[in-house]
Amino acid sequence: MAQALTSVEMIERLIAFDTTSRESNLALIEFVRDYLDGFRIASDLVFGNDRRKANLFATIGPQDRGGVMLSGHTDVVPVDGQAWEGEPFAVAERDGRLYGRGTSDMKSFIAIVLAMVPEFLAVTSATPVHLAFTYDEEVGCLGVRPLIARLVGRPVKPRLCIIGEPTLMQPVVAHKGKKSVRCLVRGHESHSALAHSGVNAIEAAAEIIARIRQLAREKRDRGPYDPGFTPPYTTIHTGTVSGGTALNIVPRECRFDFEIRYLPGDDADALLDELRRHAASLVPEMHRVSAATGFEFDEYNAIPALAAAADSEVVQLAQALTGANGLGKVSFGTEGGLYQQAGIPTVICGPGSIEQAHRPNEFIALDQVKQCEAFLHRLIARLGSGGAAV
Numbered sequence: 116m117a118q119a120l121t122s123v124e125m126i127e128r129l130i131a132f133d134t135t136s137r138e139s140n141l142a143l144i145e146f147v148r149d150y151l152d153g154f155r156i157a158s159d160l161v162f163g164n165d166r167r168k169a170n171l172f173a174t175i176g177p178q179d180r181g182g183v184m185l186s187g188h189t190d191v192v193p194v195d196g197q198a199w200e201g202e203p204f205a206v207a208e209r210d211g212r213l214y215g216r217g218t219s220d221m222k223s224f225i226a227i228v229l230a231m232v233p234e235f236l237a238v239t240s241a242t243p244v245h246l247a248f249t250y251d252e253e254v255g256c257l258g259v260r261p262l263i264a265r266l267v268g269r270p271v272k273p274r275l276c277i278i279g280e281p282t283l284m285q286p287v288v289a290h291k292g293k294k295s296v297r298c299l300v301r302g303h304e305s306h307s308a309l310a311h312s313g314v315n316a317i318e319a320a321a322e323i324i325a326r327i328r329q330l331a332r333e334k335r336d337r338g339p340y341d342p343g344f345t346p347p348y349t350t351i352h353t354g355t356v357s358g359g360t361a362l363n364i365v366p367r368e369c370r371f372d373f374e375i376r377y378l379p380g381d382d383a384d385a386l387l388d389e390l391r392r393h394a395a396s397l398v399p400e401m402h403r404v405s406a407a408t409g410f411e412f413d414e415y416n417a418i419p420a421l422a423a424a425a426d427s428e429v430v431q432l433a434q435a436l437t438g439a440n441g442l443g444k445v446s447f448g449t450e451g452g453l454y455q456q457a458g459i460p461t462v463i464c465g466p467g468s469i470e471q472a473h474r475p476n477e478f479i480a481l482d483q484v485k486q487c488e489a490f491l492h493r494l495i496a497r498l499g500s501g502g503a504a505v
C-alpha cells in the first residue's frame, strides 16, 4: 500500500512538473498512475495522437455505476517573460500562501483530491468516485475530448462531475461558450503605385474587423443580458492580425483571429453567419480585379457554454458540500460545457482565485486548501452514509 501524502506535499510534487501546454505532461501522469497503483487503483490513460500527452481516468469503487467525477486539467500556461520572484516550478510558502505556477489554476485541486485517496477508498464500496485529469485545457480544451469519447463509449458513465477550477470554493453553474475563428483574406498583389490593379487584403480584412467591432457594440448596447456574468453580454473581439510584405506592395494575404464569447442560450452561429454575409458582399468588387480573391473562415476551436439548472442534482450537491446559498457564473470557459454536452451534469467548484491564474507569482492561500479539504471531507461523509444525492 502506498504512503499517503498531505495536500501540501502533493501540491509540491505536482507543481514541480513543468506541464506548460507546449510540453509533455506524461511525467506527471505517470507519477499519478504509480501513486494510484500503490493503492491498487487502476488508471486508464487516454493518449493524444502523438502520445506525448495523456489524460488519466481512474475509478475508486465499483466500476458498474455512475457516482461522482472529480476533474481537473494538468497543463499550465507559460511563465515566459513574467517577473517571478522565485522558481515558478518549485513551491514557496510565504505569509500563508503557496506560490508556484499552477497553484491556483489548477494543480492544487488535483493534489488535494489525490491526498484524499485513502479516505475515498474507505467509503466508496457502494458509490464510486472517478478521477479525470486532462491535458491541453489551456489551449482550447483539446485533451478532454478523446477522454469524453472514451467515457461516452463505456457501459456506464459518471453520473455527475465537479471540476475544481479556481472559484474560491463557491459553486459556479454557468460559463460562456467560445468560438475561435481564423479568417484568411486573399487579395491580389501589385505595385503600390498601381494600387487600382491590386486587391488590398489588409484593407479587406479591416472591413470585416470593423464589422466585428460594430457587432460587439450592438451586443453591449442591446443584449441579450445576464447580470450573473461579467460583462453581462456576449462579446466578440479581434485578437491577432498579420499580413503584407512591404509598404510599396499591395498585400496579397492577411490573416486575423477573432473570438466570440457567448452567453448560454445566445446564438453565436448567427454572429458568424453575419460576418460571412458581410464578407460575401465585398467579394464582387474584389473579383472585378481577380477571381482568385476572397475570404475563408475557419472555426478552429469551439467550447460550448455551461448552464446547470439550479435544482439539478449536481448543483444541489455542490451547495450542500460548500454551504453556499448563491450560485456563480463566469465568463471564462472550462471543460464543463463539453462534459455537459456529453450528458454528464457538471458544476465548477475549486480552491484558489481566478484572479491569480496566469499571472507571475501565482499563489493559492492555505485557507483555500483547507476549505477544499473540508469540501471533500463532506463528500466522503456523504458517500459513507450511503451515497445520497450521487
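Quick note on the numbering used here: the sequence shown kicks off at 116 and runs consecutively. We put the beta carbon where it would ideally sit given N, CA and C, even for glycine.
For isoleucine 364, the pairing in a beta bridge is given by DSSP as His306. Taking C-beta atoms under 8 angstroms as the contact rule, isoleucine 327 and threonine 218 fail to qualify, at a distance of about 36 angstroms. With contacts defined by Cβ atoms closer than 8 angstroms, valine 296 and phenylalanine 373 form a contacting pair. When the alpha-carbon of serine 405 is set against those of Arg367, Gly458 and Thr461, the nearest one is in Arg367. If one requires a minimum length of 3 residues, the beta strand (DSSP E) runs lying completely within the segment 206-294 are 207-209, 212-214, 244-249, 275-278 and 287-290, in chain order. Residue state for lysine 168 is assigned as coil, using DSSP reduced to three classes.
The segment 274-282 makes contact with the segment 184-198: 3 or more CB pairs, one atom from each, lie closer than 8 angstroms.
With fewer than three CB-CB distances shorter than 8 angstroms, the segment 213-233 does not count as touching the segment 283-291.
Minimum Cα-Cα distance from valine 194 among the listed residues Ile175, Pro342 and Arg137 corresponds to Arg137. By DSSP's assignment, isoleucine 175 forms a beta bridge with Val244.
Residue Gln456 holds the alpha-carbon nearest to the alpha-carbon of proline 419 among Ala394, Pro342, Gln456 and Ala425. Nearest neighbour of alanine 230 by Cα position, chosen from Ala142, His492, Asp159 and Leu309, turns out to be His492. About 6 angstroms separates the Cβ atoms of leucine 143 and leucine 129, confirming a contact at the 8 angstroms cut-off. Every alpha helix (DSSP H) stretch that sits fully inside the segment 336-422 and reaches 4 residues is listed by chain position as 383-402.
Counting the other CB atoms within 10 Å of its CB gives tyrosine 377 a total of 16 or more, which places it among the buried residues.
Boundaries for aspartate 133: no beta strand (DSSP E) harbours it, and the DSSP string shows neither H nor E there. Judged by pairs of C-beta atoms under 8 angstroms, the segment 305-313 does not touch the segment 204-219, as fewer than three such pairs exist.
DSSP, read as helix, strand or coil, puts alanine 480 in strand.
The C-beta of isoleucine 364 has fewer than 16 other C-beta atoms within 10 Å across all chains shown, which makes the residue exposed. Exposure of histidine 352 is indicated by the presence of fewer than 16 other C-beta atoms within 10 angstroms of its C-beta.
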